[in-house]
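Undergrad: As you go down the protein sequences, you meet chains L and F in turn.
Numbered per my numbering, the first sequence spans residues 4 to 387.
Numbered per my numbering, the second sequence spans residues 4 to 387.
Glycine included, each C-beta is placed from N, C-alpha and C at the ideal position.
2 protein chains.
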Amino acid sequence: MSIDTFTINDNHRLNLPTIDMPPRILLGAGPSNSHPRVFAAMIAPTVGYLDSNFIQVMDEVSELLRYAWQTNNEYTVVVSGTGTSAMEAAFANVVEPGDRVLVGVAGYFGRRMVDIAGRYGGDVRCIEAVWGEAFTLDEIRQAMEVHRPQVLAVVHAETSTGVRQPLDGLAELCREHDCLLLVDTVTSLGGVPLYVDDWGIDVAYSGSQKCLSAPSGVGPLTFGPRALEKIDNRRTPIANFYMNAELMGKYWSGTPRGYHHTAPAHLYYAMREGLRLVAEEGLAERWARHQSVAEAFWAGLEEMGLTPHVALEYRLPSLTTVRVPAGVDAAAVARRLLNEYNVEISGGLGDLAGKVWRVGLMGYNARRENVAVLLRALAEVLGR
Amino acid sequence: MSIDTFTINDNHRLNLPTIDMPPRILLGAGPSNSHPRVFAAMIAPTVGYLDSNFIQVMDEVSELLRYAWQTNNEYTVVVSGTGTSAMEAAFANVVEPGDRVLVGVAGYFGRRMVDIAGRYGGDVRCIEAVWGEAFTLDEIRQAMEVHRPQVLAVVHAETSTGVRQPLDGLAELCREHDCLLLVDTVTSLGGVPLYVDDWGIDVAYSGSQKCLSAPSGVGPLTFGPRALEKIDNRRTPIANFYMNAELMGKYWSGTPRGYHHTAPAHLYYAMREGLRLVAEEGLAERWARHQSVAEAFWAGLEEMGLTPHVALEYRLPSLTTVRVPAGVDAAAVARRLLNEYNVEISGGLGDLAGKVWRVGLMGYNARRENVAVLLRALAEVLGR
């Protein structure tokens with residue numbers, strides 16, 4: 004077929020200006036602003052996916068992720084997609100058709116777990132809580148006894164509600180029941196105390212654009228030995244190629260490295276820098292910073308007569324849900340913050356739509372100046 | 004669980020220097036170097052995924068992709084993953100369990116199609132050709148009559164062999180058989196003549212890091228009306244969440260936009276700029292540039308006594324396989340080009356491992372200066 008056979012259609016040939024994005028202060032549910040050093044790292048020269056320099060970057064990302072997650076898991080990688088892809092990777096690999104999967108649903112991302120586990124043939128059972136509350140260990144124990152699942156899935160930091168789900172005792176419970184413990188750490192990794200090994204978590208995943216201060220687009224994922232054993236002993240093939248644990252494993256640590264896909268190198272560079280900032284600051288200091296900045300925000304809300312939706316005991320420092328006062332149009336307030344102050348906050352999702360605002364103070368954005376601008380702007384918009 | 008309950012383990016707390024990548028000239032199978040303007044665009048400020056500025060970027064990417072692909076398909080998006088994720092998205096959505104899928108396998112990526120189609124329950128049938136050759140229309144017609152598939156999948160530009168598969172007549176054949184035509188355009192989009200609508204292609208996907216001169220990490224994907232009809236009439240749910248056509252569709256064009264994942268905004272910015280460069284240059288000029296630069300390379304190879312593996316008639320301009328002369332260690336030559344000249348070329352894959360080098364002259368890298376450095380460096384290393 005020759006180049007001249009058909010005529011080129013110019014209908015969709017837009018003539019666009021250079022990209023021009025407003026300088027948002029991103030205090031919503033994510034993405035957050037990346038640390039400026041992350042952007043500097045992100046535009047390092049492109050190298051091939053088998054270049055020894057790139058393999059070294061992959062190894063460094065793995066190792067720094069182990070620090071951030073507090074795990075010795077050899078299988079600690081990033082999926083070349085967003086946090087949602089890492090979530091899907093977690094379920095796609097450890098759930099076999101017919102496996103009972105018990106999901107703790109107390110928010111939007113718990114519901115998403117149900118959807119995804121079902122697509123891989125899981126026999127999904129739910130335990131439900133009101134959005135804004137956490138499960139007690141007793142509630143989970145009772146459900147485990149009823150459903151006898153092969154996988155227990157819970158959200159450590161529910162981005163739709165601002166709840167921190169305590170994970171105490173779940174590892175022991177899962178071991179009694181020969182069940183894997185799978186935990187969503189999208190909004191906790193790098194901002195909220197989290198010990199994958201000490202807490203006996205078998206599978207965890209996260210995102211890059213929350214407390215890790217990198218752009219969206221890579222999804223951290225770790226499998227512990229019990230998860231790998233279940234994957235090795237699957238009776239059915241993994242119904243996914245891109246997020247396939249075995250193929251990704253050969254790509255991340257095979258000798259020689261097995262080609263799987265062409266990694267988004269620049270996002271790996273960015274992730275390396277985001278994780279390098281975590282290592283420099285230190286986890287204890289980082290967790291304390293998130294906590295103290297969140298407390299400053301909560302104190303400011305109280306002064307203004309506004310109320311966090313979640314009890315202090317279970318309240319995440321990285322993501323606060325703030326109740327919308329009666330008579331206030333939540334969306335209009337968010338729109339004014341965005342248009343007049345360049346400050347983004349998020350609205351409520353699912354059961355909390357229209358009822359709360361969601362404020363993220365995550366990673367690089369967990370700083371007092373961000374609390375100050377948000378409190379002041381919010382006071383001006385609300386007339387308080 | 005208190006912050007003090009466990010002790011932080013510093014074993015994996017690497018103390019790393021700033022990232023430092025060598026300035027490679029990437030003339031392998033991909034990634035290619037991005038145009039410098041793409042990196043400038045890539046670090047535009049982060050905005051939220053529902054920010055009107057971001058929705059506009061998505062719309063612009065869609066529209067410019069329609070130009071690059073020469074399609075009016077409304078469903079023209081990028082998957083938030085690499086080209087492999089777009090490949091998987093193509094099969095995951097149009098293949099239902101039990102569907103007969105006829106795959107033309109004449110290289111590594113044809114084989115990958117077989118793997119992926121099988122993971123979604125496809126009853127996969129193959130037609131095979133020697134690596135380095137193309138299928139004739141007659142061969143495909145005969146296989147269609149034997150297998151009566153619901154989906155015919157072929158690779159337009161086989162990155163492992165350097166073959167351009169002619170697509171003439173396939174649309175008519177597929178319509179006779181009520182079959183979808185699914186085409187891999189990873190190494191052709193933006194570099195090789197390709198008319199999705201005029202050629203009757205129902206499903207196409209590509210990558211960002213080849214002829215489009217953007218970094219790896221987003222996978223262009225388009226579904227025509229016949230593909231959408233098949234997806235709408237599926238009897239079984241799509242066994243994938245992240246690459247789900249329906250959910251991605253609501254994200255790209257819903258009113259209001261439905262949240263699906265947090266797009267890797269900076270890669271979308273980069274893609275917008277890569278596609279903007281395509282629109283500025285114009286497809287005819289761009290295709291002609293790829294052809295003339297490749298011809299200069301082929302002429303230089305001939306002078307040196309080296310032979311392209313593929314007959315001129317089916318030879319891709321974007322990716323040339325060069326036969327390794329007898330007695331030459333292919334890997335050692337590639338290593339010297341990389342270490343001494345910062346020039347990356349790729350080795351052979353699969354059936355062609357050790358037998359060919361793969362040279363990409365794609366997008367921004369399809370320039371005479373790159374041909375010059377490679378020819379000269381190759382002559383020096385080979386002593387010719």
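#1: With DSSP run on the structure shown, which of helix, strand or coil describes residue 62 of chain F?
#2: For the stretch 275 to 305 of chain L, which residues have a beta carbon sitting closer than 7 Å to at least one beta carbon of chain F?
#3: Runs of 4 residues minimum, wholly inside the stretch 274 to 345 of chain F: which ones carry the alpha helix (DSSP H) assignment?
#4: Using 7 Å as the threshold, is the C-beta distance between residue 321 of chain L and residue 194 of chain L below it?
#5: What's the call for residue 269 of chain L, buried or exposed, on a 16-neighbour Cβ count within 10 Å?
#6: Taking residue 111 of chain L as part of the alpha helix (DSSP H), name the residues at either end of that continuous run.
#7: Roughly how many whole angstroms lie between the Cα atoms of residue 117 of chain L and residue 119 of chain F?
#8: Please report how far the alpha carbon of residue 131 of chain F lies from the alpha carbon of residue 367 of chain F, in whole angstroms.
#9: Counting contacts by CB-CB distance shorter than 7 Å, is residue 226 of chain F in contact with chain L?
#10: Grab the span of the alpha helix (DSSP H) containing residue 141 of chain L for me, first residue to last.
#11: Which partner residues does residue 129 of chain L have in the DSSP bridge list?
#12: Expressed to the nearest angstrom, what Euclidean distance is found between the alpha-carbon atoms of residue 94 of chain L and residue 243 of chain L?
#13: When you compare only the Cα positions, how much space is there between residue 157 of chain F and residue 197 of chain L?
#14: Could one say the Cβ of residue 156 of chain F lies closer than 7 Å to chain L's Cβ atoms, at least one of them?
#15: Output, in sequence order along the chain, the residues in the stretch 257 to 270 of chain F whose CB is closer than 9 Å to any CB in chain L.
#16: Report yes if the CB atom of residue 20 of chain F is closer than 7 Å to the CB atom of residue 212 of chain F, and no otherwise.
#17: Chain L partners of residue 50 of chain F, CB-CB under 7 Å?
#18: Would you decide whether residue 315 of chain L is buried or exposed? Buried here means 16 or more other CB atoms lie within 10 Å of its CB.
#19: Candidates F:216, F:210, F:183, F:220: which alpha carbon is nearest residue 204 of chain F's?
#20: Report the residue ranges of all alpha helix (DSSP H) runs contained in full by the stretch 215 to 261 of chain L; include only those spanning at least 4 residues, in chain order.
#21: What is the DSSP secondary structure of residue 369 of chain F, reduced to helix, strand or coil?
#22: Please confirm whether residue 221 of chain L and residue 207 of chain L have their CB atoms less than 7 Å apart.
#23: List the endpoints of the continuous alpha helix (DSSP H) containing residue 79 of chain L.
#24: Taking 7 Å as the threshold (beta carbon to beta carbon), is residue 70 of chain F in contact with chain L?
#25: What do you get for residue 73 of chain F, buried or exposed, if any count of 16 or more other CB atoms within 10 angstroms of its CB means buried?
#26: Thinking just about the alpha-carbon of each residue, which of F:16, F:173, F:229, F:256 is nearest to the one in residue 55 of chain F?
#27: Just how far apart, CA to CA, sit residue 172 of chain L and residue 245 of chain L?
#28: Where does residue 154 of chain F fall in DSSP's three states?
#29: Just the Cα atoms here: how many angstroms apart are residue 62 of chain L and residue 13 of chain F?
#30: Taking the alpha carbon of residue 38 of chain L as the point to measure from, which residue in L:382, L:374, L:370, L:179 has its own alpha carbon closest?
#31: From the beta carbon of residue 105 of chain F, is the nearest beta carbon of chain L less than 7 Å away?
#32: With H, G and I counted as helix, E and B as strand and the rest as coil, what does DSSP make of residue 354 of chain L?
#33: Determine whether the Cβ of residue 15 of chain L lies closer than 7 Å to any Cβ atom of chain F.
#34: Given residue 85 of chain L, which residues of its chain have a CB within under 7 Å of its CB, disregarding the five upstream and five downstream residues?
#35: Would you call the stretch 230 to 237 of chain L and the stretch 271 to 288 of chain F touching, i.e. three or more CB-CB distances under 8 Å?
#36: Using a Cβ-Cβ cutoff of less than 6 Å, which residues in the same chain neighbour residue 344 of chain F once the five nearest sequence positions on both sides are dropped?
TA: Based on what the coordinates show:
#1: helix
#2: 275, 276, 279, 282, 286, 287, 290
#3: 286 to 306, 333 to 344
#4: yes
#5: buried
#6: 111 to 122
#7: 24 Å
#8: 33 Å
#9: no
#10: 140 to 150
#11: L:106
#12: 11 Å
#13: 47 Å
#14: no
#15: 262, 263, 264, 265, 266, 267, 268, 269, 270
#16: no
#17: 24, 25, 27
#18: exposed
#19: F:183
#20: 228 to 235, 248 to 256
#21: coil
#22: no
#23: That residue, residue 79 of chain L, is in no alpha helix (DSSP H); its beta strand (DSSP E) goes 78 to 82.
#24: yes
#25: buried
#26: F:256
#27: 34 Å
#28: strand
#29: 17 Å
#30: L:370
#31: no
#32: helix
#33: yes
#34: 210, 219, 220, 222
#35: no
#36: 380
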